[in-house]
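Visitor: Below is one structure. I have some questions about it.
Numbering (the UniProt record's numbering), first residue to last: 1 to 489.
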């Protein structure tokens, strides 16, 4: 999962006087124009950025567009940038270095073009990294923010990594005292690094992994998002799954996924992405199921158009068992409209499994009828990383009902995936009972006479997993009636 590469909001707006080599420079600062986050992944309007005494010309290129350096002409803006880069040198006064990195950080908020102009000076990345050890909080905040913006660009991310930026950021995170702003900038920088598999390995082998997982419990929403983004990227590498599970990431991700606040939209997305990747391993998928989640295939909203709700009739439980009437029809038809009047609570006492099955069926059938199924928090259709292998994660009540609903569709591929998913999820008595009460057995038996051999195999696989316990034995008679015609073919 790619992190949000937008630059951080400006937090350092001062620009004081500079002293260098006995010569006094007084750079008059213009008022800082409203900062526009640098969305490096797409085109944007012209970036407006800090103007120092008219030295920096307003950016002419749109965000995300590479700057052509072949012309070789050095404008006045580049000349002043060179001054600030030189002020980063270790032989300069501490306050001069602090002011220089603060100014460069503000300038980097202008977007890709501004970052390109900063990075045209050889060695500047090493000087920026050296300021991560500064005792000045302002200098450290600006350096981490500048590295965050620089590493959001692929070609500079590699340069920063080879210069030791990752190790210094990790060392900074391991300090006992760190400001919230530095913490956020460090995590976002690691988030950028974790896009590339090469740098994920360094995170896994460091002592910071447990800290990153622990930051999922932080109150700061920005810190949660950054930590979730790192974990989501780490989960893309199957070799990292064991390390993530060992530090207890699954319960934390499940908790975040089930949080309903609007501010948690990005976190829920990252948590779901991580859990889907971890669920590709059967062992870790079992742990996810134990936490109350089920993996469900995404079949596309178009497939649900084949769903036909049953006509209005006396209700029944999802497994097909009838709810017995306990009173005669009323004179004016109230019992037909208010069905609860015809049910005696003493005679009809559904257990918790039946109640959950009815709730799940009602939820999923309603979503299918109104065309809102498989939609994310933004109302957009959910999608996966690979077109032919897409899944989502749902609470088990909704997940079980969704899988049973898919079995009744016409899409052969969707039916096959749902049957396979049922078999994979039938790891314990609770899940097997849930599928039975949701009415999965009958459609699975019908799959055994499906014309597609792969669908028949998927149905048999699911039934095999469900047959572990006694409750499916009463269905063996129906099973034999289906199998005999197949053998006769």
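From the three backbone atoms N, C-alpha and C, an ideal C-beta is built for every residue, glycine too.
Can you list, in chain order, the residues of its chain whose CB lies under 7 Å from that of residue 164, leaving out five sequence neighbours each side?
Guide: Cβ neighbours of residue 164 beyond the five flanking positions: 129.
Visitor: In the DSSP assignment, what residue or residues form a beta bridge with residue 295?
Guide: Paired residue(s): 393.
Visitor: Going by other Cβ atoms of all chains shown within 10 Å of its Cβ, with 16 needed for buried, is residue 283 buried or exposed?
Guide: Its Cβ having fewer than 16 others within 10 Å, residue 283 is exposed.
Visitor: Is the separation between the beta-carbon of residue 294 and that of residue 421 shorter than 9 Å?
Guide: Against a cut-off of 9 Å, the Cβ pair of residue 421 and residue 294 comes out as a contact.
Visitor: Quick one: what does DSSP say residue 278 is sitting in, helix, strand or coil?
Guide: The answer is helix: DSSP assigns residue 278 an H, G or I state.
Visitor: Taking C-alpha atoms, which residue in 233, 394, 304 lies nearest to residue 194?
Guide: For the residues 233, 394, 304, the minimum Cα distance to residue 194 belongs to 233.
Visitor: Helix, strand or coil for residue 381? Go by DSSP, reduced to three states.
Guide: Here residue 381 sits in strand by DSSP.
Visitor: Whole angstroms are fine: how far does the CA of residue 285 sit from the CA of residue 61?
Guide: At residue 61 the pLDDT is 34, less than 50, meaning the model places this residue with poor confidence; the figure from the coordinates comes in the next sentence. About 47 Å.
Visitor: Considering just the uninterrupted stretch of the alpha helix (DSSP H) at residue 116, what are its terminal residues?
Guide: Run containing residue 116: 112-119, per the alpha helix (DSSP H) assignment.
Visitor: Decide if residue 434 is buried, meaning its Cβ has at least 16 other Cβ atoms within 10 Å, or exposed.
Guide: The residue in question, residue 434, is buried, as its Cβ has 16 or more Cβ neighbours within 10 Å.
Visitor: Would you call the CB atoms of residue 101 and residue 146 closer than 9 Å?
Guide: Yes, they are a contact pair.
Visitor: In terms of residues, what are the limits of the alpha helix (DSSP H) holding residue 124?
Guide: Residues 124-130.
Visitor: So, residue 250 versus residue 226, is the Cβ gap smaller than 9 Å?
Guide: Cβ distance not < 9 Å, so residue 250 and residue 226 don't count as in contact.
Visitor: Tell me whether residue 490 sits in a helix, a strand or coil according to DSSP, three-state version.
Guide: Nothing in the structure corresponds to residue 490, since the chain is present only between 1 and 489.
Visitor: Measure the C-alpha to C-alpha separation of residue 109 and residue 117 and round it to an integer number of angstroms.
Guide: Roughly 12 Å between the two C-alpha positions.
Visitor: Since residue 375 sits in a beta bridge, which residues does DSSP pair it with?
Guide: BP columns for residue 375 point to 381.
Visitor: Looking only at its own chain, which residues have a Cβ that is under 6 Å from the Cβ of residue 357, when we skip the five neighbours before and after it?
Guide: Here the set comprises 318, 437, 438.
Visitor: Start and end of the alpha helix (DSSP H) containing residue 424?
Guide: Residues 412-425.
Visitor: Any idea if residue 488 is buried or exposed, counting beta-carbon neighbours within 10 angstroms, 16 or more meaning buried?
Guide: Reliability fails at residue 488, whose pLDDT of 49 lies under 50, so the model's placement of it is uncertain and the value that follows must be treated cautiously. Exposed, because fewer than 16 other Cβ atoms sit within 10 Å of the Cβ of residue 488.
Visitor: Spatial neighbours of residue 288 within its chain, please: C-beta separation below 8 Å, excluding the five flanking residues on both sides.
Guide: For residue 288, where only same-chain residues beyond five positions count, the Cβ hits under 8 Å are 250, 254, 275, 278, 279, 295, 393.
Visitor: Looking at C-alpha atoms only, which residue of 239, 467, 244 is the closest neighbour of residue 211?
Guide: Ranking 239, 467, 244 by Cα distance to residue 211 puts 244 first.
Visitor: Taking the alpha-carbon positions, what's the residue 167 to residue 257 distance?
Guide: When rounded, the distance between both Cα atoms is 31 Å.
Visitor: Between the Cα of residue 83 and the Cα atoms of 204, 121, 196, which residue gives the shortest distance?
Guide: Checking every option, the nearest Cα to that of residue 83 belongs to 121.
Visitor: I need the boundaries of the alpha helix (DSSP H) containing residue 193, first residue and last residue.
Guide: From DSSP, the alpha helix (DSSP H) with residue 193 extends over 180-193.
Visitor: Assuming residue 138 contacts residue 98 under a Cβ cut-off of 8 Å, what Cβ separation, rounded to an integer in Å, is found between them?
Guide: Confirmed, Cβ separation roughly 6 Å.
Visitor: Please report the distance separating the alpha-carbon of residue 119 from that of residue 183.
Guide: Rounded to whole angstroms, residue 119 to residue 183 spans 24 Å at the Cα level.
Visitor: Which stretch, first to last residue, makes up the alpha helix (DSSP H) that contains residue 446?
Guide: 441-447 is the span of the alpha helix (DSSP H), which, as asked, contains residue 446.
Visitor: What is the C-beta distance between residue 374 and residue 301, in whole angstroms, given that I count them as a contact (C-beta under 8 Å)?
Guide: Right, their Cβ atoms sit about 5 Å apart.
Visitor: If you draw a straight line from the alpha carbon of residue 368 to that of residue 305, how long is it in whole angstroms?
Guide: Rounded to whole angstroms, residue 368 to residue 305 spans 8 Å at the Cα level.
Visitor: Mind checking which residues open and close the alpha helix (DSSP H) that includes residue 438?
Guide: Premise fails: residue 438 is in no alpha helix (DSSP H) and is neither H nor E.
Visitor: Does the segment 234-243 come close enough to the segment 257-268 to have 3 or more Cβ pairs within less than 8 Å?
Guide: They do not touch, by the three-pair rule.
Visitor: Work out the CA separation of residue 362 and residue 400 for me, nearest whole Å.
Guide: Cα to Cα, residue 400 sits roughly 12 Å from residue 362.
Visitor: Which whole-angstrom value describes the C-beta separation of residue 216 and residue 240, a residue pair presumed to lie in contact below a C-beta threshold of 8 Å?
Guide: That belief does not hold up - the Cβ atoms of residue 216 and residue 240 are roughly 16 Å apart, past 8 Å.
Visitor: In the structure shown, what three-state DSSP assignment does residue 307 receive?
Guide: Coil at residue 307, not helix or strand.
Visitor: Based on Cα-Cα distance, which residue from 261, 418, 427, 372 lies nearest to residue 290?
Guide: The shortest C-alpha separation from residue 290 is found at 427.
Visitor: Just to confirm before moving on: does the CB-CB distance between residue 423 and residue 462 stay below 9 Å?
Guide: Yes, the Cβ-Cβ distance between residue 423 and residue 462 is below 9 Å.
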